[in-house]
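Colleague: Residues 1 to 504, numbered by the UniProt record's numbering, are exactly what the sequence shown covers, in order.
Built from N, CA and C at the ideal position, the CB exists for glycine as well.
Small disclaimer: the values here were computed from a predicted structure and weren't measured.
Before we start, here is the structure in question, set down as structure tokens.
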Amino acid sequence: MFARIYGAATLGLNGHVIAVETDISNGLPSFDLVGLAATSVKEAKERVRAAVKNSGYEFPMRRLTVNLAPADLKKDTAGLDLSLAVAILVSSGQIPEEVCENCLFLGELALDGRIRPVNGILPMVLEGAAQGMKTVFVSRDNAAEALLCPDLTVYGVGTLCDVAGHLTGEKALEAARAALPDPDLPDYDVDFSEVQGQAEAKRVLEIAAAGGHNVLMIGPPGSGKTMLAKRIPTILPPMNEAEALEATKIYSVAGLLGKGRLLQQRPFRSPHHTISMAGLVGGGSIPKPGEVTLSHHGVLFLDELPEFPRSVLEVLRQPLEDGVVHIARVQAALSYPSRFVLVAAMNPCPCGRYGFDEGCICSESEIRRYTHKISGPLLDRIDLHVRVERPAYQELITRRKAESSAAIRSRVLSARRRQQERLAPYGCTCNAHMGHREIRATCQLTEAAQQLLREAFDVLRLSARSYDRIIKVSQTIADLAKEPVIAKEHVAEAISYRNKMQQP
Numbered sequence: 001m002f003a004r005i006y007g008a009a010t011l012g013l014n015g016h017v018i019a020v021e022t023d024i025s026n027g028l029p030s031f032d033l034v035g036l037a038a039t040s041v042k043e044a045k046e047r048v049r050a051a052v053k054n055s056g057y058e059f060p061m062r063r064l065t066v067n068l069a070p071a072d073l074k075k076d077t078a079g080l081d082l083s084l085a086v087a088i089l090v091s092s093g094q095i096p097e098e099v100c101e102n103c104l105f106l107g108e109l110a111l112d113g114r115i116r117p118v119n120g121i122l123p124m125v126l127e128g129a130a131q132g133m134k135t136v137f138v139s140r141d142n143a144a145e146a147l148l149c150p151d152l153t154v155y156g157v158g159t160l161c162d163v164a165g166h167l168t169g170e171k172a173l174e175a176a177r178a179a180l181p182d183p184d185l186p187d188y189d190v191d192f193s194e195v196q197g198q199a200e201a202k203r204v205l206e207i208a209a210a211g212g213h214n215v216l217m218i219g220p221p222g223s224g225k226t227m228l229a230k231r232i233p234t235i236l237p238p239m240n241e242a243e244a245l246e247a248t249k250i251y252s253v254a255g256l257l258g259k260g261r262l263l264q265q266r267p268f269r270s271p272h273h274t275i276s277m278a279g280l281v282g283g284g285s286i287p288k289p290g291e292v293t294l295s296h297h298g299v300l301f302l303d304e305l306p307e308f309p310r311s312v313l314e315v316l317r318q319p320l321e322d323g324v325v326h327i328a329r330v331q332a333a334l335s336y337p338s339r340f341v342l343v344a345a346m347n348p349c350p351c352g353r354y355g356f357d358e359g360c361i362c363s364e365s366e367i368r369r370y371t372h373k374i375s376g377p378l379l380d381r382i383d384l385h386v387r388v389e390r391p392a393y394q395e396l397i398t399r400r401k402a403e404s405s406a407a408i409r410s411r412v413l414s415a416r417r418r419q420q421e422r423l424a425p426y427g428c429t430c431n432a433h434m435g436h437r438e439i440r441a442t443c444q445l446t447e448a449a450q451q452l453l454r455e456a457f458d459v460l461r462l463s464a465r466s467y468d469r470i471i472k473v474s475q476t477i478a479d480l481a482k483e484p485v486i487a488k489e490h491v492a493e494a495i496s497y498r499n500k501m502q503q504p
């Protein structure tokens, strides 16, 4: 008897509905699985066989053929176990086929028939809903995540018996319900009011948050670079619904979603400097998302920047420029979104005192070797450079509270609204995402500002990329000042934040 049941798998960040076709015919007992299945799917034969028997159902001792369609798509998930088991029960006549119409079955089976959670549920159910599915059966631990798709009836099930009992009418299940939204979203446990002094660094980070610009902080050890970086998400605007859903899909595929709720806070990723290229941009035989993708719509913080291998840092060029990373492997070529704010921190030299303290003990060759680990093209893609000085003693002992993140965020939100109104026809959300066409169409400079930019272009020997980035930063500064055009002082401030890397 032939039966067709639907499961799903992921490839990259996208879900794909998989038709699980089973056919039971006369012949010697066998179990053939075809359809470009990875090892994790091929091993499902033994899990499904044991789960069906241990759940009290009959496993057909005849010739069993299972096809996973489409056959040209690599299937690499244990989440097809449940759909395989249901397809076998339907094909053997133990479950009516008509009750499985427009149903999606997602879950890994234990040998005793329990259903375990799997990664990537959100993109799977979104794709299932897009293809007309009405009902989805998932593990109880995945039910909250599946409920993020409002177009499906979700059943959170614990065992294969629960699924079969519901489909045969023996014991109906109750559909899962979405938890009531938390009226008080969890707030950040850090705040800019805890940072004393560092007025210039705070100003630079405010500009970065307002325009989505990349930042490099240079300063001696203990000056507060990491402390400042960890507070940047507190001044970024909240994610809109589309951004939150996209970020949640990424974390779902990566298995980092936790309780399965929609992400509310912008991601903040801080990988150690021993990370590999594949860990940073993604990789594997079937590429998985890396740190640049996990930072999408958030912040990627690289502390001790020169300690990262140069080969690892160079792979940041494409995602910083294009907001997407392309990974090609033999089995798959995928593109992952990577639109993030890069925040990097470094010491000026190996001992950390050059240019800030007369006690530097590094030789000129050591300083050059240290700073040359960061290439010119990478520095050119970082819009804002700031030197973070050691705070004065009086700033540390003062009891006067510094400006809070809420106050800074209010100015950032105001600047972002101006940008969204101006850039809405071009599909951009902030100044950092503008291309040359958008700059020419939307950025207006006064004559004095244009003259200053012309002089800086010749004196500083700026590249075309640097020219565009100075204008984008100047536009953000003007937006923060609520000015309709870019004035000379806005350009002057933007130029002052260019390369601060000192050489002996």
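Please say whether I121 and T159 have beta carbons closer to each other than 9 Å?
Modeller: It is not a contact, given that the beta carbons lie outside the stated cut-off.
Colleague: If you draw a straight line from the C-alpha of I95 to the C-alpha of R140, how long is it?
Modeller: Their backbone Cα atoms lie some 22 Å apart in a straight line.
Colleague: Between P221 and the rest of its own chain, which residues show a CB-CB distance below 8 Å, the 5 nearest in sequence each way excluded?
Modeller: So the qualifying residues of the chain are N347 and G352.
Colleague: Please name the residue, chosen from P289, V34 and H372, that lies closest to A314 on a Cα-to-Cα basis.
Modeller: It should be noted that the sequence gives Glu, not Ala, for residue 314. It is H372 whose Cα lies nearest to the Cα of E314.
Colleague: Count the other CB atoms, across all protein chains shown, that sit within 10 Å of the CB of F192; report buried if there are 16 or more and exposed otherwise.
Modeller: Classification for F192: buried.
Colleague: May I have the straight-line CA-CA distance separating A19 from A402, to the nearest angstrom?
Modeller: Taking the straight line joining both Cα atoms gives about 59 Å.
Colleague: Could you give the residue range of the alpha helix (DSSP H) that holds L396?
Modeller: Counting along the chain, the alpha helix (DSSP H) containing L396 begins and ends at Y393 to I397.
Colleague: Is E358 helix, strand or coil when you go by DSSP?
Modeller: Coil at E358, not helix or strand.
Colleague: The beta strand (DSSP E) that contains M346, what's its start and end?
Modeller: V341 to M346 is the extent of the beta strand (DSSP E) around M346.
Colleague: Mind checking H436: buried by the 16 CB within 10 Å criterion, or exposed?
Modeller: So H436 ends up on the exposed side.
Colleague: Let me confirm a value: Q419 is counted as buried when at least 16 other C-beta atoms fall within 10 Å, else exposed. Which label applies?
Modeller: It counts as buried.
Colleague: Buried or exposed, going by whether 16 or more other CB atoms sit within 10 Å of the CB of I397?
Modeller: Exposed is the call here.
Colleague: Could you tell me the distance, in whole angstroms, from the CA atom of R177 to the CA atom of P238?
Modeller: Roughly 26 Å separates the two Cα atoms.
Colleague: Return the first residue and the last residue of the alpha helix (DSSP H) that L378 is part of.
Modeller: Residues G376 to D380.
Colleague: So the beta strand (DSSP E) residue 559 belongs to, where does it begin and stop?
Modeller: Residue 559 is absent from the model: the chain starts at 1 and stops at 504.
Colleague: Going by alpha carbons, who is nearest to L413 out of I207, T226 and S375?
Modeller: The option with the nearest alpha carbon to L413 is I207.
Colleague: Here's the rule I'm using: 16 or more other beta-carbon atoms within 10 Å means buried, otherwise exposed. How should G197 be labelled?
Modeller: When all chains shown are included, G197 counts as buried.
Colleague: Which of the three DSSP states is assigned to G79 in this structure?
Modeller: Three-state result, G79: helix.
Colleague: Answer yes or no: do G35 and L106 have a C-beta to C-beta separation smaller than 9 Å?
Modeller: Result no, Cβ atoms of G35 and L106 do not sit closer than 9 Å.
Colleague: Nearest to A143 by alpha carbon, out of H326, V154, S223 and K134?
Modeller: Considering only alpha carbons, the answer is V154.
Colleague: Report yes if the CB atom of H385 is closer than 9 Å to the CB atom of N240, and no otherwise.
Modeller: Not in contact: H385 and N240 (Cβ atoms no closer than 9 Å).
Colleague: Along the chain, which unbroken stretches of the beta strand (DSSP E) at least 3 residues long are found entirely within the region 20 to 96?
Modeller: 30 to 34 and 63 to 69, all fully within the region 20 to 96.
Colleague: Rounded to whole angstroms, what is the Cα-Cα separation between K202 and E307?
Modeller: Distance between the alpha carbons of K202 and E307 is about 25 Å.
Colleague: Assuming contact is defined by CB atoms lying nearer than 9 Å, are N214 and D468 in contact in what I supplied?
Modeller: Contact: no.
Colleague: Tell me the residue span of the alpha helix (DSSP H) that contains H436.
Modeller: That run of the alpha helix (DSSP H) goes H436 to T442.
Colleague: Y497: which of I361, I235, G165 and V388 sits nearest, CA to CA?
Modeller: Of the listed residues, the one whose Cα sits closest to Y497 is V388.
Colleague: Determine, using beta carbons only, whether L205 and L228 come nearer to each other than 9 Å.
Modeller: Yes.
Colleague: Is the distance from the Cβ of V125 to the Cβ of C149 below 9 Å?
Modeller: Yes.
Colleague: Report, in whole angstroms, the separation of the C-beta atoms of R269 and L305, which I expect to be a contact under 8 Å.
Modeller: Contact doesn't hold; Cβ gap of about 15 Å is too wide.
Colleague: With a threshold of 6 Å on Cβ separation, who are the neighbours of S55 within its own chain once the five nearest residues in sequence on each side are excluded?
Modeller: Around S55: G113, L160 and C161.
Colleague: Only counting the same chain, and skipping five residues up and downstream in sequence, which positions put a Cβ closer than 8 Å to that of A82?
Modeller: In the sequence as presented, Ala is not what sits at residue 82; that position holds Leu. These residues qualify, in order along the chain: G7, F105, L106, G107, E108, L109, I115, F137, L160 and V163.
Colleague: I'd like the span of the alpha helix (DSSP H) that includes P350, first residue to last.
Modeller: Premise fails: P350 is in no alpha helix (DSSP H) and is neither H nor E.
Colleague: Does V412 come out as helix, strand or coil in the three-state DSSP assignment?
Modeller: Helix at V412.
Colleague: Using a 10 Å radius around the Cβ and a threshold of 16 neighbouring Cβ atoms, would you call Y251 buried or exposed?
Modeller: Flag for Y251 reads buried.
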